[in-house]
Structures are given as C-alpha cells and as structure tokens.
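Quick note: the sequence shown uses the working numbering, first residue 269, plus one each step. The structure appears below as structure tokens.
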Amino acid sequence: MKKEIARGFPAATASKADKAYPYEETDSPYAFIKNGRLVVRHPPEGPYPVVIPCPGVRLIVNGQERTQPTPVSVQDTVQLEAVDERREGEWSLTVSSDGLQAILRISPTVIIHREVAELLAARKLQLAVVEREECLSPLTLNELLQELPRLGINYGVDWEACSRGAASCAEEEVVIARGTPAEPGKDGLVELLFPTGSKMPVLAEEEETVDFRERYVFSSVMEGEILAVKHLPGKGRPGASVKGDVIVPPAPRDFALSAGAGAVLSRDGERAVAARAGRPVAYRSRSLVRVSVLPELVHTGDVDLASGNITFKGDVVITGNVEEGMAVEAGGNVRVGGLVSGARVQTAGSVLIRGNILASAVAAGGNLAFMQEILPQVRALAIGLREMIMAIYQLSGHPAFKQGDLKDGIGPLLRLLLEGKFRHLPSAAEAFKEQVETLPPGLAGEGLNEFIKEVERVVHSPLGVRDLQEVEKLAQRALEWEQAFAFPPSAESDVVAANILNSTVTASGDVRVLGGGCYNSRIQAGKKVIVSGVFRGGEIQAGEEVHVGELGSRGGSATRVMAGPRAIVTLKYAFENALVLVGGRVYRFDRKEKDVRLWLNKEGNLQSRATPA
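What follows is the structure, encoded as structure tokens:
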C-alpha cells in the first residue's frame, strides 16, 4: 500500500544574484533549482527554457499538472511538489510444523521522503529528487501480545524477544517462543562377543617367512561361551510444544536375540550361549539377530574313492588331499592340508588350501548355489498358489456352486482344485521341504520352518481352510521367500592357495596365491586378486584391486586382467602382449615393463605409470 504526500515549491523570476549563479552575461534562456525553487530567465521575445518532469515530483504550471517536457516563462506560475511515498508493512505469527517454535515474521513500514534536488542552470532542465528512507515497525507490543492467546501460544514465550520483535524495523524473523523437544530413547543393541568375519588374517612382517598354516585364523568358540548380549532400549523423555501440548518421543528401536543351531538363550533371553564347540556366526534380518554355532568336520587323510565325496553343513577340515574326480561341498569354510587335484570344492565360506590347485574347480561363497537349487521349488509354490487363488475367485461365482455349499468355508473347493488342476502343489511342497533340510545351518531365513508347516496344512488338509484370506497370505509369503532365494545377500568369502594350474577359481571375496603363481587358469573375485608370483596364460577378473608379481611370459601366451572402474592394477613385471582392462579401458603391453600401475582418473581416462624393463 502506497500513500503519497505532496509538498510544493513556487517558481521565481531570476534576480541579479540569481543571474550570476549559473553563469555571467548570456542571452540564452535557462532554468535552475535553488533552495527547492525553480528559477527561469529568457529574452522577452523568447525562446523559453524547457522543464522535464520526473517521478517523485509533480510539475504544476498555471494550475495544471504537466507530465511532458514543458516550456516555462517568467509569466507562468510554476509549482514543484515533492511526493513522499509510504509502503505499509506486514507481520505474521505462525507456529512451526513441529510445534517447537513460534515465529514472528516482520516486513517493516517504509516511508520514502523526497525533496527536489538542486540543479544547475540548463536550457532543458531535467528535474530530479533526493530520497531518504525511513523504516517503522508494523506492529505494537500490545498487538503481538493479543495474538499469542489467539493462536494458543502459552509455553516457552521469550518476552524479551517479543519486545525486540515488536520494535523491529528490519525485514526479519524472530523466534518469540520455543518448546521443549522430546528426547528420543536409546536404541536397543545386540552386542556380538566374537568377530563378525569368519576369519581374521594374521599379518606378517615384510622380511618374515609366512607360515601358510598360520596365514588365517578362523573364529571359534567352546561350549558354554557367551556369544552375544542383548542391551535393552532406553526410554526417551517427552517434550512440550509452544501450545503446551505434550510431544511424545519416537519409540526406540529394539532388537530380538534368537538362538540358532548350536546355541541357546539364557533364561531372561538377553544372552546367547554356545551349546557346542565350533564357529560362531550371526545373521541379521531387520530387527532380529540370530546367533548360531556351525560344527566342524575333521576328515583325516585324503578325500578319494575310499572316503567318497564330502557334503557337510558346517566347516570341513581335510588333513590330506582332495583327489581326482572327488567333490567337497560345505556350508562353512574348507581347509585342505594338501592339494586339490582334478576335483571340485564348493563352499559357502572361505577355502584355504595349503598345497596347489591342479586342474580343479574351486568356488568360495557358495550360498548362491544352495539358493539356486531350492529356487525352482519355492517358485513353483508361489506361482501355483497365486493361480489357485484366481481359480477360487472364478469358481466361487459360478452357478454350479451354491452359497450353501461353501457355508463351512472354501475347504471343499480347495480340495477339488488340489485333486485336479493343482495336484502338483503337494509334491512341490514336499520337494521344497526336503531341499530346505539340506541347507547349511543359519542359511535358512527366520520363519522358514513355520512357512513350510503352513504350506503343508493348506495343501494336505484343505478342508480345514475356511477363509480365502488364509490362502492369499500364504501366497504372499511364498512370493517373499521366492524373492529371498532369488536375490540372496552376497557373502565375501576368500580362496587362498599356494599355486593354481589349469584351474578355475571363483570367490565372492578375495583370491590370494601365496606361492610361485598361476598357469593357464581363470580367476574371478568379487574383491581383490593378489598373486605373489607369476600369472601366465589365462584371465583374471576382479571387482577391486589386482596385484601380480609377473604378468604374461616371454613367449607371449594370451594373458588378460579385467578389473572394475575403481580398481588399481599393480604389476612388478609385465611382458609383451599381456592385456589389462580397467573399467573397460584397455592397456596392451608392446614391450616388457616393470613397476606398472594402472588406474582410471576422475574423468574415466586410463592412467599408467611404468618403467621399461
């Protein structure tokens, strides 16, 4: 809102003193402003000086306001009226969305005072103004105090801030009341009393000879050891809003402690204790922590035709060799005291082989294999249950089914479908149950056994099902388990061996070769690949760093390294025709080089540092 106030200044004829003000003897017309008054001079017969109006000044000639350039003579009555401007301010008082602040927002009242500017003589005189700005508070303290009860603000009022805000002449926000925020409680915690990794590396000094048997130490516990302790959540403290309302603190997160195979809970449920000796593991699922102890199988001697293949749900220790044509599968870690030759080793944990890997396939982090084996059965259940629900909807509305036929529930209709179109579901449920029983301890998610029991009840005793919602909930749980088995959490399991020859080695974690090196082999690692000696013939794939003592050979055998975009590849020596790809960028060696380092910069360009050998 603008208000204008005019102040006038009449014109005057130039006196002798005025004539000397701008310049001395001249017959040219002119006009100037002095002391807020317009002074004009011109020859009697003309011409006349011209006055040009401007915003903020009203030019009134002979009683009429002029907005265009106007000639002015000494006979004219001229008034100059400076116009002041007033912009009304605004204020508002609001409570923040969390109720903890009352905020006074102020936009002050602004008065622009104007005066006609002093101007030197000119034939065309452009008027101008001098402005001075004055700011006033848009409210009084009494108005503010009346607004407080209207908004219900009665807690935490800062009276000094109220006075300061009411007197403020600036564009600002003032917090005039503050509530007390609620103090959240302390989240519960399950403290694990053992290392969460399955192994702990034993580091050696640079000059120290590495004893391979002591290169890794696996976590282990004895019967009766405390594995985990549950700490209860702490209560929070309520707060208060500026309106005096109670602010309830958020509920702290709590965790449930559960004992899996090989572990038991204390009477108060706040401690998990080892019930047997073995390797402790912990599995987390949302707000549940389940602690188990995996057993250990010690096989003395070789794995050969006399012993047969080894399949075990826990850790496996083999004191001898794994010989040609044999297989070892474990749900935990595998340690081999000798070599692996012409064999297959697959494990959910890590693989440590004291000797060499010869013409074999070794895979660490094999949870995926167990999952993929079960996936077809759980998928058949999920699809079958969803299709059966659609069939129930269609048949229940068919004229052949009277309402009285289903008064005791949908059991008869469910049995009819299971004996007909969906007769494969009971056998699928049985196959799924048998596959789950082969899972390594701890690999099955919490509630899987309860899900299997519910599936058996529905497919084997359908007459006991009354409500379609029971089947719908079961189908939803089957879909959730299908997704859990299709996309299992990835483990980081390693493979460590002395040498690798003509073999394929995969690991979800690192692959480390501590002996002379690798020949004509393929290594794939989710993390790092470290080959202390040579790597000649074959391929390395790594998600992270790669370190090789000597890459390729003088004979130029095909040797390739593929690493992720964030990886750094370091080579002590590299021979001609060896190939390195970092994030898809290729570096081919056309001569022998040493102390090679390859990486991608921030722009994604391949950088290299090497010295001719």
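The beta-carbon is built from N, C-alpha and C at its ideal position, and this holds for glycine as well.
Nonlocal neighbours in the same chain, by C-beta distance under 6 Å from residue i, ignoring five residues either side
i      : result
VAL797 : VAL779, ILE791, ILE808, ALA810 and VAL814
TYR289 : Here the model assigns TYR289 a pLDDT of 44, short of 50, so the residue's position is not dependable and the matter cannot be decided.
ASN589 : ASP570, GLY606 and LEU607
LEU847 : ARG828 and ARG856
THR448 : GLY507 and ALA508
ALA238 : What is shown of the chain runs 269 to 881, which leaves residue 238 out entirely.
ALA878 : GLU861 and VAL864
ASP344 : VAL329 and ASN330
Terminal residues of the beta strand (DSSP E) in which residue i lies
i      : result
HIS381 : 377 to 384
PHE580 : 578 to 580
ALA775 : 772 to 775
SER560 : 556 to 562
ALA445 : 440 to 446
Coarse secondary structure for residue i, derived from DSSP in three states
i      : result
SER825 : coil
ASP788 : The sequence as given places Asn at residue 788; Asp does not occur at that position. In this structure, ASN788 counts as strand in the three-state DSSP scheme.
LYS870 : coil
ILE660 : helix
HIS310 : coil
LEU500 : coil
ILE836 : coil
ALA611 : coil
SER534 : coil
GLY453 : coil
GLN336 : coil
PRO506 : coil
GLU722 : helix
GLN744 : helix
PRO315 : coil
VAL802 : strand
ALA299 : strand
ARG305 : strand
ARG780 : strand
Cα-Cα separation between residue i and residue j, rounded to whole angstroms
i      : j      : result
GLY433 : PRO506 : 30 Å
SER876 : ASN788 : 26 Å
ARG446 : PRO518 : 20 Å
VAL829 : PRO548 : 36 Å
ALA553 : ALA496 : First, the residue type needs correcting, since residue 553 is Ser and not Ala in the sequence shown. Rounded to the nearest angstrom, the two C-alpha atoms are 16 Å apart.
GLY502 : SER488 : 32 Å
LEU573 : VAL596 : 13 Å
GLY623 : GLU760 : 22 Å
GLY633 : PHE580 : 15 Å
LEU533 : ALA616 : 26 Å
ILE586 : ARG859 : 44 Å
ASP863 : VAL557 : 47 Å
SER509 : GLY453 : 19 Å
GLU861 : VAL704 : 53 Å
LYS840 : ALA765 : 20 Å
SER825 : GLU591 : 29 Å
ASN873 : ARG865 : 14 Å
GLU882 : GLN744 : It is not possible to answer for residue 882, since the shown part of the chain is limited to 269 through 881.
LEU409 : GLU356 : 17 Å
ARG537 : GLU459 : One detail in the question is off: residue 537 reads as Gly in this sequence, not Arg. Cα to Cα, the separation comes out at about 13 Å.
CYS403 : ILE301 : 29 Å
ARG603 : LEU716 : 30 Å
ALA435 : SER405 : 6 Å
TRP749 : VAL646 : 7 Å
Pick from the options that is closest to residue i, judged by C-alpha positions
i      : options                           : result
MET594 : SER575, VAL763 and LEU565         : SER575
ARG382 : LEU368, GLU353 and LEU409         : GLU353
LEU361 : ILE374, LEU368, VAL351 and GLU349 : ILE374
PRO880 : LEU769, GLU844, SER364 and CYS437 : GLU844
ALA696 : VAL514, GLY420, MET658 and GLU724 : GLU724
VAL726 : VAL398, ILE678, ASP762 and ALA699 : ILE678
GLU493 : ILE515, LEU461 and PHE719         : LEU461
ARG539 : HIS499, ASP513 and SER555         : HIS499
LEU819 : PRO833, SER800 and VAL733         : SER800
Terminal residues of the alpha helix (DSSP H) in which residue i lies
i      : result
GLU415 : 409 to 418
SER695 : 692 to 705
PRO680 : 679 to 687
GLY433 : 427 to 434
Same chain, Cβ closer than 8 Å to residue i, five either side skipped, listed in chain order
i      : result
GLY582 : GLY546, ARG547, LEU562, PRO563, GLU564, LEU565, ALA598, GLY599, GLY600, PRO708 and PRO709
MET490 : ALA542 and ALA545
ALA835 : ALA810, GLY811, GLU812, GLU813, VAL814, VAL850, GLY851 and TRP867
GLU401 : VAL378, ILE379, ILE380 and HIS381
LEU626 : LEU607, VAL608, SER609, GLY610, LEU769, ASN770 and SER771
Neighbourhood of residue i by C-beta, 7 Å cutoff - its chain only, sequence neighbours within 5 removed
i      : result
ARG326 : ALA274, GLU333, GLU349 and VAL351
TYR298 : PRO290, ARG309, PRO317, ALA389, ALA390 and ARG391
Contact test: residue i Cβ vs the ligand GDP heavy atom, cutoff 7 Å
i      : result
PRO463 : Ligands in the displayed structure: none, and consequently the ligand GDP is not present.
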